[in-house]
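Report on the following structure.
Residue numbers (this note's numbering), protein chains in the order written: chain A, 1 to 115; chain B, 1 to 111.
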């Protein structure tokens with residue numbers, strides 16, 4: 001498997017524009033997570049899905065953020081409208097549920113810059 | 001609120017020395033503990049996990065867990081310059097919950 005695939009790798013956009021980040025999890029994984037990483041706040045969980053269903057979106061900072069997972073192989077994170085404080089690296093990760101839990105495998109991330 | 005605390009560093013050690021990275025967590029019910037390594041500009045990658053009290057060794061890496069003290073550590077023996085990275089501690093409350101990450105400790109191994 002190619003691992004978790006994210007696109008784009010880099011995104012530069014102007015304040016107020018809509019931004020869509022994409023993620024393809026590892027085949028067979030039933031959990032998908034969206035994280036945001038900044039120097040100040042570290043790696044923060046935004047939202048996660050189990051079997052394509054959103055389980056906890058309490059980490060989504062504002063209504064400007066939304067995430068969808070229309071099928072087991074694809075998820076999007078959308079920011080509309082974007083603001084400079086949204087600049088960060090956004091990681092998608094997936095994992096396979098077992099009773100003991102397993103580690104999350106991360107994509108390469110999308111570095112978002114909002115100017 | 002579940003919290004995972006790490007010293008941000010940088011922690012500087014000479015090549016060949018033992019690097020000791022520490023992490024404390026707030027939720028006493030936490031069950032699984034992970035150490036991720038993140039090189040600059042890259043994504044986190046798992047290097048160790050531990051579920052039970054005590055030590056777990058894998059090559060040059062040893063994870064130590066003390067649930068009574070809510071403390072988990074990572075020892076890196078014979079540190080190499082290639083070990084220079086940020087090390088993230090992550091904690092899971094139960095098998096169905098997502099990982100909660102610390103902010104990471106930056107390690108610098110000086111040749």
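Think of the CB as a built atom: it goes at the ideal place given N, C-alpha and C, for glycine as much as any other residue.
Taking Cβ positions, are residue i and residue j nearer each other than 9 Å?
i: residue 8 of chain B; j: residue 91 of chain B; result: no
i: residue 70 of chain B; j: residue 28 of chain B; result: yes
i: residue 95 of chain A; j: residue 24 of chain A; result: no
i: residue 50 of chain A; j: residue 35 of chain A; result: no
i: residue 63 of chain A; j: residue 47 of chain A; result: no
i: residue 106 of chain B; j: residue 11 of chain B; result: yes
Between residue i and residue j, which are expected to be in contact by the criterion C-beta below 8 Å, what is the C-beta distance as a whole number of angstroms?
i: residue 76 of chain A; j: residue 12 of chain A; result: Rounded, the Cβ-Cβ distance is 19 Å, inconsistent with contact.
i: residue 66 of chain A; j: residue 78 of chain A; result: 5 Å
i: residue 111 of chain B; j: residue 15 of chain B; result: 5 Å
Determine the DSSP secondary structure at residue i, reduced to helix, strand or coil.
i: residue 82 of chain A; result: coil
i: residue 40 of chain B; result: coil
i: residue 81 of chain B; result: helix
i: residue 10 of chain B; result: coil
i: residue 56 of chain A; result: strand
i: residue 48 of chain A; result: strand
i: residue 96 of chain B; result: coil
i: residue 67 of chain B; result: coil
i: residue 55 of chain B; result: strand
i: residue 4 of chain A; result: coil
i: residue 107 of chain A; result: coil
i: residue 13 of chain A; result: strand
i: residue 20 of chain B; result: strand
i: residue 22 of chain A; result: strand
Considering only the alpha carbon of each residue, which of the options lies closest to residue i?
i: residue 50 of chain B; options: B:66, B:74, B:18, B:32; result: B:32
i: residue 6 of chain A; options: A:90, A:50, A:78; result: A:90
i: residue 5 of chain B; options: B:44, B:88, B:66, B:96; result: B:88
i: residue 28 of chain A; options: A:39, A:88, A:4; result: A:4
i: residue 59 of chain B; options: B:14, B:77, B:34, B:101; result: B:77
i: residue 103 of chain B; options: B:61, B:86, B:94, B:109; result: B:86
i: residue 104 of chain A; options: B:96, B:110, B:26; result: B:96
i: residue 115 of chain A; options: A:93, A:102, A:92, A:83; result: A:83
i: residue 24 of chain B; options: B:65, B:14, B:48, B:39; result: B:65
i: residue 52 of chain A; options: A:92, A:93, A:68; result: A:68
i: residue 48 of chain B; options: B:105, B:67, B:73, B:68; result: B:73
i: residue 98 of chain B; options: B:34, B:10, B:15; result: B:34
i: residue 68 of chain B; options: B:75, B:52, B:61; result: B:52
i: residue 39 of chain A; options: A:85, A:92, A:102, A:97; result: A:85
i: residue 33 of chain A; options: A:80, A:2, A:60; result: A:60
i: residue 92 of chain A; options: B:62, B:94, B:44; result: B:44
ask   = Can at least three beta-carbon pairs, one atom from the region 75-87 of chain B and one from the region 13-26 of chain A, be found at a separation below 8 Å?
value = no
inquiry  = Whether or not the region 104-113 of chain A and the region 13-21 of chain B are in contact is what I'm after, with contact meaning three or more pairs of Cβ atoms, one per stretch, closer than 8 Å; do they touch?
reply    = no
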